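Asks: Sending over a structure as structure tokens; questions will come in a sec.
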């Protein structure tokens, strides 16, 4: 029986911790939906003062709660938000060679480029 309690705790404890950590995200999502409903209601109001009153009502009732939930929610990485990181690698020697003016290229320039190219091949980077 002792072993089964350990297994049950091993399964239930991560689930409980996960629910505890996900609750602010769930709460922020629900409050955002509620805010959208209030904003739709404010758009349908007949005059601007009624719209403002509806928005202020939401802010009084849920404003601080929404800010706290947003601050504590799980932040999605760029990959989960639909973006991506791009890493570009630049061939510096080729760039210098192509951007150098024709009259500036001489024997010393070529020697330095060749020596740098050899050093780059033998280095780790």
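Numbering (the working numbering), first residue to last: 968 to 1092.
Each residue gets a CB set at the ideal place from its N, CA and C atoms; glycine is no exception.
Since we're looking at a predicted model, the values are computed, not measured.
With 16 as the cutoff for other CB atoms within 10 Å, does residue 1036 come out buried or exposed?
Replies: Buried.
Asks: Using three-state DSSP, classify residue 1079 as helix, strand or coil.
Replies: helix
Asks: Where does the unbroken alpha helix (DSSP H) through residue 1023 begin, and where does it stop?
Replies: 1015 to 1039
Asks: Just how far apart, CA to CA, sit residue 993 and residue 1030?
Replies: 16 Å
Asks: Taking the continuous alpha helix (DSSP H) assigned at residue 1060, which residues delimit it?
Replies: Here the alpha helix (DSSP H) through residue 1060 covers 1059 to 1066.
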